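These notes are about the structure you will find just below.
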Amino acid sequence: MTGTRTLYRDLTLIDGTGAGPVADSAVLVEDGTVAYAGPAAGAPEADGATETVSLGGRTVLPGFIDTHVHLGVADGRALAVNHADIPLSLHALETAERMRVTLAAGVTGVRDLGGADAGFRTAQESGLVPGPRMRVALRLMSHTGGHADFTLPSGHDPHAHGLSVTEIVDSPQEARVAARRLMRDGADVIKVCATGGVSSPSDTPDDEGLTTEEIAVIVEEASRHGGRPVAAHAQGAAGIRNAVLGGAASIEHGYLVDDEGIDLMLERGTFLVPTLATFDFEDRVHLMTRKAVETKRALAERTFERIAEAVRRGVRVVMGTDAGISEHGRNLNELRHLVSVGMSPMDAIVAGTRNAAELLGTADRVGTVEAGKLADLVVCDGDPLADVALLGDPGRVVMVVQGGRVVKDIRAS
Ligand SMILES: [Zn+2]
C-alpha cells in the first residue's frame, strides 16, 4: 500500500470512541493508515497524487471486530461432528468462504474461539485468503464430561480420530500442560469451559466446569507468554463466578450471571461477550439436537433479563456472535440484540469496535477511526444510530476497507 493516498469525503463519521457522529467529515488514508479523520474543514488538501472518493453523505464507522466466532464450523452444525463427514480440504475451502462473507458483513477482525487452526490466520495475513484478521484459540478446554467432551452416550468419541477441537484436562497440572500445547500450536487466546453448555451431550449450562484453581493456573501460564488472554465459556452463575475469580479476561455468553457475578466482573474489569445472536435459532432447530433446542428455549427469557441487568450495572460489554452456532456473515445482527438489552445504538457500536479491540489487546492499531490507526472502515447506507439493525444487512454495508484496501464496494452509482 506504499505511496497510496485516498481522501474519503462527503460522509458522516462515527469514529468508534463513543463520541457523537460528525456530519460533513473526511477521512484521509495514507499507506493503509488513517492520517486524518474529522471535520472536512480541517482535512489536509488533496494533491494531484490523492484519489478522492465521495461517499455521498453515507456513514463511516470503524471495521467491526467479532470477538466470538467459529469460522471452522458450518452454520448450525455441532462442533463435534463438523468435520467428520467431509474431507479436510473441503473443510478448509468452506472455512475460507466463511471468512470472505464475514469480511463482507463489515467485520475486519475476529477472535475464533475453537475450530480453526493457525493456518487460517496465516492465510489471511499473507493475503492468500480474504477475511477478517484472526486471533485463534484453536481448541476449547474442559474436564472429562464437560462442554468440550463430545463423547456420546454410546461411548463414541468423535474426536478420537481426525481433527480435534478439544483439550480434556482434569487437574491443574493437566490444564497447564494443555495451555502450553495450545500456545505451541499457535493459540493467541486460551478458551476454557467454566460451565456446561447447550450443545454438549452430557452437561447443562448450570453445571460447573473447570475449577477456579484450574482456570487460575491457565491464566498464569498464558500471562507468562505475552499476556495472552483467557476466554471463559460460562453460562450458569456458579461457573461464571469461578471464571472471574480465576482471572479470565472475558466471560463468553454469561447468560445466567447473578448479582454477585456482576459485582465481581465490575471489580475486576472482566469483559462480557453475551452472544445473544445465538437465540435467533427457531429457524434452525432442524440442525440442533432436541436437548439443545429445549435447553435454549428454557434459557432465553432469563438470559435477556440477566444480561440487561449486567448492562444496567455497567459491565463492559463486547460484541461476539458465536457465528457457526449463529449465522455466518450476519454478524452485525448482534448490535440489534445489544440494543434490546438496554444499550444505546452508540454503545452497541462501541462494543463492536473500540471495546472489542481492547479485549483483543489491539486497541493501539484498530477499533476506532483515528489518525495513526489502521484504515479499517465500514460504510453503510442509512443512519445506524436511528436504526442499528440496518448494519445486520450486508446489502446495506456497501463498502468495507481493511488496512486501506477496498475489499468490498457495492455502492449504487
Ligand atoms: Zn462459541
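Residue 412 in UniProt numbering sits at position 412 of the sequence shown, and the numbers go up by one each step. All C-beta atoms, glycine included, are put in the ideal place defined by N, C-alpha and C. Please read these numbers as outputs of a predicted model, since none were measured by experiment.
So if DSSP puts residue i in a beta bridge, which residue, or which two residues, is it bridged to?
i	result
Ile168	Ser142
Ala194	Its beta-bridge partners do not exist; DSSP assigns none.
Met265	DSSP, once it has assigned bridges, lists no residue as partnering Met265.
Ile65	Gly109
Ser54	Arg9
Asp409	Met399
Val60	Leu13 and Val379
Arg316	Phe271
Glu208	Thr195
My assumption, with CB atoms under 8 Å, is that residue i sits in contact with residue j. Please give the rounded CB distance.
i	j	result
Thr195	His147	7 Å
Ile190	Ala137	7 Å
Ala175	Val217	5 Å
Val398	Ile410	5 Å
Arg133	Thr108	7 Å
Met265	Leu276	That pair is no contact at about 17 Å.
Ala105	Arg330	6 Å
Pro394	Thr59	Not a contact, Cβ separation roughly 15 Å.
Phe120	Leu71	7 Å
Gly127	Gly404	Not a contact, Cβ separation roughly 13 Å.
Ala43	Leu28	6 Å
Residue i: buried (16+ other C-beta within 10 angstroms of its C-beta) or exposed?
i	result
Pro274	buried
residue 421	Limits of the chain in this structure are 1 at one end and 413 at the other, which puts residue 421 out of reach.
Pro39	exposed
Ser200	buried
Thr295	buried
Asp376	buried
Ser250	buried
Ala232	buried
Gly48	exposed
Arg241	buried
Ser25	buried
Leu152	exposed
Arg306	buried
Leu88	exposed
His286	exposed
Pro158	buried
Arg139	buried
Leu90	exposed
Asp117	buried
Ordered along the chain, which non-local residues of its own chain (more than five positions away) have a Cβ less than 7 Å from that of residue i?
i	result
Arg336	Val388, Ala389 and Gly392
Arg268	Val244
Gly209	Ser142, His143, Gly146, His147, Cys193, Ala194, Thr195, Gly196 and Gly239
Asp10	Ser54, Leu55, Gly56 and Gly57
Gly382	Leu390 and Arg396
Gly246	Thr212, Ile215, Ala216 and Val219
Asp188	Arg135, Val136 and Arg228
Val339	Pro345, Ala348 and Val388
Ala179	Ile190, Ile218, Glu221 and Ala222
Asp258	Ala237
Using a Cβ-based criterion (distance less than 7 Å to any ligand heavy atom), does residue i qualify as near ligand 3?
i	result
Asp322	This structure simply doesn't include ligand 3; it includes ligand 1 instead.
Excluding the 5 residues preceding and the 5 following residue i in the sequence, name in chain order all residues of the same chain whose CB lies nearer than 6 Å to its CB.
i	result
Thr368	Asp15, Gly16, Thr17, Pro62 and Arg354
Thr278	Asp322, Ile325 and Ser326
Val69	Val110, Asp112 and Ala323
Ser202	Gly145
Take residue i and list the residues in its own chain whose beta-carbon comes closer than 8 Å to its own, dropping the five residues that flank it on each side.
i	result
Met343	Val311, Val317 and Ala351
Pro130	Met99, Arg100, Leu103, Gln124 and Val407
Glu51	Thr4, Arg5, Thr6 and Leu7
Asp66	Thr102, Val107, Gly109, Val110, Arg111, Pro132, Met319, Gly320, Thr321, Ala323, Asn331, Glu334, Gly352 and Ala356
Task: 3-residue-minimum beta strand (DSSP E) runs that sit fully inside the segment 81 to 149, ordered along the chain - done: Fully enclosed beta strand (DSSP E) runs of 3 or longer: 107 to 112, 133 to 136 and 140 to 142.
- [ ] Enumerate, from N- to C-terminal direction, the unbroken alpha helix (DSSP H) stretches of 4 or more residues contained entirely within the segment 216 to 304.
- [x] Qualifying alpha helix (DSSP H) stretches, in chain order: 237 to 246 and 259 to 268.
Open item on the list: Ignoring anything shorter than 3 residues, give me the beta strand (DSSP E) runs that lie fully in the segment 318 to 402, in order along the chain.
Closed with: Listed in chain order, they are 377 to 380 and 397 to 402.
Task: Complete beta strand (DSSP E) runs within the segment 15 to 51 (minimum length 3 residues, chain order) - done: Secondary structure in the segment 15 to 51: the beta strand (DSSP E) runs of 3 residues or longer, each lying completely within the stretch, are 22 to 30 and 33 to 39 in chain order.
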